[in-house]
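Residue numbers (my numbering): 512 to 578.
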């Protein structure tokens with residue numbers, strides 16, 4: 512199986528917001544859980560504007576063990 516190529520994916524993606532940022536993790540328990548943890552870390556960091564920079568972020572994984 513060919514490895515996922517983020518740059519190739521970005522070239523064919525025609526959206527303006529969706530996929531602006533891509534987080535690729537080969538194996539994870541759940542991409543939704545990862546997104547929730549990321550959101551909580553951002554909220555607790557107090558960095559104003561960081562959350563809006565992550566709008567449109569896509570979290571991809573080849574394998575999820577839960578979710």
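Ideal placement from N, C-alpha and C gives every residue a C-beta, glycine not left out.
Contact check, residue i vs residue j, beta carbons under 7 Å
i           : j           : result
residue 536 : residue 576 : no
residue 545 : residue 570 : yes
residue 567 : residue 541 : no
residue 562 : residue 553 : yes
Closest by C-alpha distance to residue i, when choosing among the options
i           : options            : result
residue 574 : 539, 524, 567      : 539
residue 515 : 543, 566, 578, 533 : 533
Complete alpha helix (DSSP H) runs within the region 535 to 559 (minimum length 4 residues, chain order): 542 to 556
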